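If you're matching them up, the sequences are chains A and B in order. Residues 1 to 673 (this note's numbering) make up the first sequence, in order. Residues 674 to 1002 (this note's numbering) make up the second sequence, in order. Quick reminder that beta carbons are idealized off the backbone N, C-alpha and C, glycines included. Model, not experiment: these values are computed from the prediction. Data first, discussion second: the structure below is written as structure tokens.
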Amino acid sequence: MSAEKKEYLLVDENGQGKPDKPWIFRTYAGHTNAKASNELYRKNLSKGQTGLSIAFDLPTQCGYSSDHEVSRPEIGKVGVPINSLEDFRILFDQIPIEEMNTSMTINGTSMWLLSLYVALAEERGVPLEKLNGTTQNDLIKEYLARGTYIYPPKDSMKIIVDMYEYCLHKIPKWNPSNICSYHLQEAGATPVQELSFALATAIAVLDAIKERNCFTEEEFEQCVGRISFFVNAGIRFVEEMCKMRAFTEMWQEITTERYKVKTAKYRVFRYGVQVNSLGLTEEQPENNAWRILIESLGVTLSRNARCRALQLPAWNEALSLPRPWDQQWSLRLQQVLAYETDLLEYPDIFEGSKVIESKVKALKEEAKLEIQKIIDMGGALVAIENGYMKSQLVKSQTERLSKINSNELVIVGKNKWTDGIKSPLMTDSDGGIFKVDPKSAEQTLNVLGEAKARRNAELAKKSLDELKQAAKDGKNLMPFSVACAKALVTTGEWADALREVYGEYNPPTGVDGQKLFLSDDKVSTVRSKVEAFTKTNGHRPKIVVGKPGLDGHSNGAEMIAVSAKHSGFDVIYSGIRLSPEEIVQSAVEENANVIGLSILSGSHKEIVKQLFDELTHYKAKIPVVIGGIIPESDFEELKAMGIREIFTPKDYDLMSIMEKIIDIVSKEPALVS
Amino acid sequence: MIDTKESLSQLVSEALLGEKYPIAKIISRIETEKNLEFREALFQELSLQKPNTKEGLTIGITGTPGAGKSSLLGELCRLFLEFAPDKKMAIVAIDPSSNVSGGSILGDRTRVQLPRRDIRLYFRSQPSQLELGGLNPYTYHVIRFLRQVFDYVFIETVGIGQNEISVSLISDLSFLVMQPLGGDQVQFMKSGIMEVPEAFIINKCDEESLANSSYYMLESTLEFIKDILPDQSLPPIFKTSVTKRKGIEELLQYILQYQRRKDKNTETLTQLSQWIRNEYGRWGIAIWEELESSKWNRAVKQNPLGGIQKLKYEEEERKVVSLIQTKIK
């Protein structure tokens, strides 16, 4: 090397070329049961994956044990079921947790899962200082977009602060919470909304920590340093890169100005990424591979805002669960990018770019205004409780869908260049998708049953009573939770104990007063059909939009509710996590003309059966349609059960959906005439 | 489908047993345009199957948006099941949302979590259809029907100012729900509706001192207008908090023990006059008052014992229509 400094190269202190270390490679994984997930993790680690990202099933996320009646259809579907310490022993079998960076995507029950991890470490004799990883614990995005909250906002925030306090003293390398704007984009957030809602959330967490006043100044700075973010990288990758640069700069400003953090390393914006699944299409799914690559670029190209960990969806995620091979393909993409290309050899390649700088500036200015608005309102918690943030997201989502409907937003293979040759990737005997063996739930239930039978029942009860008392007294709950974990208390028992003290939260749905921006011929066709119905029957058609089960992704249901109103229906929509019994009771009492279900968790067959059983109980014949991620191979069975129409992500045209629904309703004999 | 005598009678008998689907179907039929004949048949059938029994108490719950009416009702339901094991209640929630398409999103169920399959509780939403007064044109008839099936019928409406009045016209006991220090007091004094509700609720009393200061403010405001209150005694004021589960049991006990009923003849005449005004305007009212109602009013006044035959709404409506028809010709 010559003495002359080459600006384009990254060098070490001796002037030797020294590329950056790659980000952590993860795959968000977990399914079936603890044993199957353990095997999967060990295989993935042997393939060059460098961190674990655990996906939990919906009952675990919502605080129910597998033997609860609402869990039955969901066990092991979208992640691994964890009932007690026994499952963690199986899940981490032969995995050295002291060497892992473990990310747990868990929110409502994050304190519980961390307690299990702590109990496991202590059992193995691993010093807690060695534990490294993250519990997501971002309740705000759960209230807004994903729906696995349990307790009211203030109590949830209290639990988060408890974890910060505990971790700082006991597990200093653990990130107790991780502000997640990922699902906000999935729910339709614009880059400005992603920036402002995520930063307002971080401010809410830090304000709550400050308010408890349990840390010295130095400790508080460390807390700030532990805040990490989890973001979404969308397809408009230049804008997305600018968003990441804006995030970095704004976080520097907030930590310096609002929190007076003096130590530079605690002001760094640390983030992990899962690239966008929202834009992945069910049509021509092979195109998704390119989308995933492009989306990865936004968060890796720019050294000043490069992610610390990356996980990529699989090309077939819009169809159903990916197979191990699909996940391997995604991991290989990261490895190609990091090891084959020269990406990591350069300093920031966009520094000084006028375009990038002014775009970043514009995003920052807008986001600052929005953050100020939320702070003026009383902060993120207030903006959740009064429904402001939710209604803003629903609004963005309706705008986005309106644009897809009117072809203003091009999606290749969906609303443009839709004719294509069928993908050979889909022709394997498994149909190109992964299905959880329904029998595998038995294994989970056996482990749960054995753990309950074997444990010291008195000790379990005593630790639960102490947890409840501590919650009533406002004490830090972490030590009590760890005691519960060691006493083999179950996920459901832990969550129920706190439900008893805090109650369960039911947030605003955000659909009130929403308008669609659609006014084409199709809208008037649908409206005239609705008017015709109204004229014949003397009243408007009524639809109950139901979101059954534990899957909280409510975007689809919200869009249908807003579109139905737009078409002239009277709409009953009561939010997420309803039982089929509750949905049918609403439909019966309201004498609805049609029930529309939205199910994305893969539990449609079980739930539809429960729903029809309940309709039979009331002797009610109300037509039922269903929308969600439903593989074609299930269509026939669902129709045989009585489902009148099935909508999948292919059916993005809202008015076509509404037209099919009004046609079904109009053909029904009038219920009373 | 239910026009034949036989099936209506079946539907009514099932409804009287509390079965949800028949009740729902009857309400939909009442909510249908041109329903006079159906109503006649329905109420005749009801009087045949359920003669001379006491009608349910109607309770109006109204107040500004955000006062927490629905959550309060949700908590009332929960306690009702516990404290009134042999009684049944229904809720009609009127949602003001409406837009150009005429469609609506009815979100009130969201706040009221109901037990499943329990025939002691029934919840029904209604769009207000832009009608002033917070009531839907069919609300009155739906309530009349539900009073035959349920011991208590709650009507929840959103109102700001004068519009609360109409709900109190069709309920035996009406509550105005306010938030602590909402600044509502002065507004209500101005709009002159303080004398309308039978009782007041200050909801969201999550914090003691704020609750108390609001309570005393309202009390002194009411004292100020005491002279114009119907019976010149101060109406009760309840302090409630859903999150702290406070004051709601007292509220429920008050409702369960409430005995006074409003005169249903007055109610019938009021609703009829509203209906005529909607359909035929002041002209219709003039004809009705001159020729029909005046006779009735005289009869009502002239009978000192009060033993008046109860007015039948549909009969009166028919009389008015035919009278007005003759004038039009």
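Pairing V826/B with R797/B gives a Cβ-Cβ distance that is not under 7 Å. If you check the CB distance, I209/A and Y259/A do not come in under 7 Å.
It is roughly 9 Å from the alpha-carbon of V275/A to the alpha-carbon of R291/A. Interface criterion not met: the Cβ of T737/B is under 7 Å from no Cβ in chain A.
A959/B counts as exposed, since fewer than 16 other C-beta atoms from the protein chains shown sit within 10 angstroms of its C-beta. One alpha carbon belongs to M250/A, the other to P758/B, and they sit about 58 Å apart. S320/A and A457/A have their C-alpha atoms roughly 40 Å apart. Chain-ordered, the chain B residues with CB closer than 8 Å to the CB of N506/A read T783, R784, Q786. Membership of A592/A in any beta strand (DSSP E) is not indicated, and neither H nor E is assigned to it by DSSP. With a contact defined as Cβ atoms closer than 8 Å, G556/A and G628/A qualify at about 7 Å. Chain-ordered, the chain A residues with CB closer than 7 Å to the CB of L779/B read D570, V571, I572. Close CB contacts of F753/B within its chain, under the 7 Å cut and outside five residues either way in sequence, are with M762, L925 (chain order). Fully contained in the region 861 to 946 of chain B are the following beta strand (DSSP E) runs of length 3 or more, in chain order: 872 to 875, 910 to 912. One finds nothing in chain A with a Cβ atom closer than 9 Å to the Cβ of E755/B; even the nearest lies about 17 Å away. If you look at A208/A, you'll find it in the alpha helix (DSSP H) that goes 191 to 212. In the DSSP assignment, V336/A falls outside any alpha helix (DSSP H), carrying neither H nor E. The straight-line gap separating the alpha-carbon atoms of L9/A and L343/A is approximately 11 Å. For N175/A, the closest of T398/A, S103/A, Q311/A, L638/A by C-alpha to C-alpha distance is S103/A.
Neighbours of A697/B across chain A, judged by C-beta separation under 7 Å: V588, E589, E590, N591. Any Cβ of chain A closer than 7 Å to the Cβ of R955/B would place that residue at the interface, and such an atom is absent.
By the C-beta criterion, the region 189 to 198 of chain A is judged not to be in contact with the region 509 to 521 of chain A, since fewer than 3 inter-stretch pairs fall below 8 Å.
The beta carbon of R797/B sits closer than 7 Å to some beta carbon of chain A. In this structure, DSSP gives I82/A a state outside helix and strand, which the three-state scheme calls coil. Taking a contact to require three or more Cβ pairs closer than 8 Å, the region 910 to 928 of chain B and the region 810 to 820 of chain B do not qualify as touching.
The C-beta of Q335/A comes no closer than 7 Å to any C-beta of chain B. Counting every other CB atom within 10 Å of its CB across the protein chains shown gives T913/B a total of 16 or more, marking it as buried. CA-to-CA, the gap between G188/A and Q397/A works out to about 4 Å.
The beta carbon of F269/A sits closer than 6 Å to those of F247, T248, W251, all from its chain and outside the five residues before and after it, given in chain order. Within the region 545 to 566 of chain A, the residues whose Cβ lies closer than 8 Å to some Cβ of chain B are A561, V562, A564, K565, H566, listed in chain order. Within 9 Å of the CB of V511/A, the CB atoms of chain B belong to I778, G780, in sequence order along the chain. Under the three-state reduction of DSSP, Y28/A is assigned to strand. When Cβ pairs closer than 8 Å are counted between the two stretches, the region 293 to 303 of chain A is seen not to touch the region 39 to 54 of chain A, the count staying below three. Under the three-state reduction of DSSP output, F56/A falls in the strand class. At least one C-beta of chain B is nearer than 7 Å to the C-beta of Y618/A. Excluding sequence positions up to five before and after L312/A, its CB lies within less than 7 Å of the CB of V275, I292, S296, S330, L333, Q334, all in the same chain and listed in chain order. At a cut-off of 7 Å between C-beta atoms, T705/B counts as an interface residue with respect to chain A.
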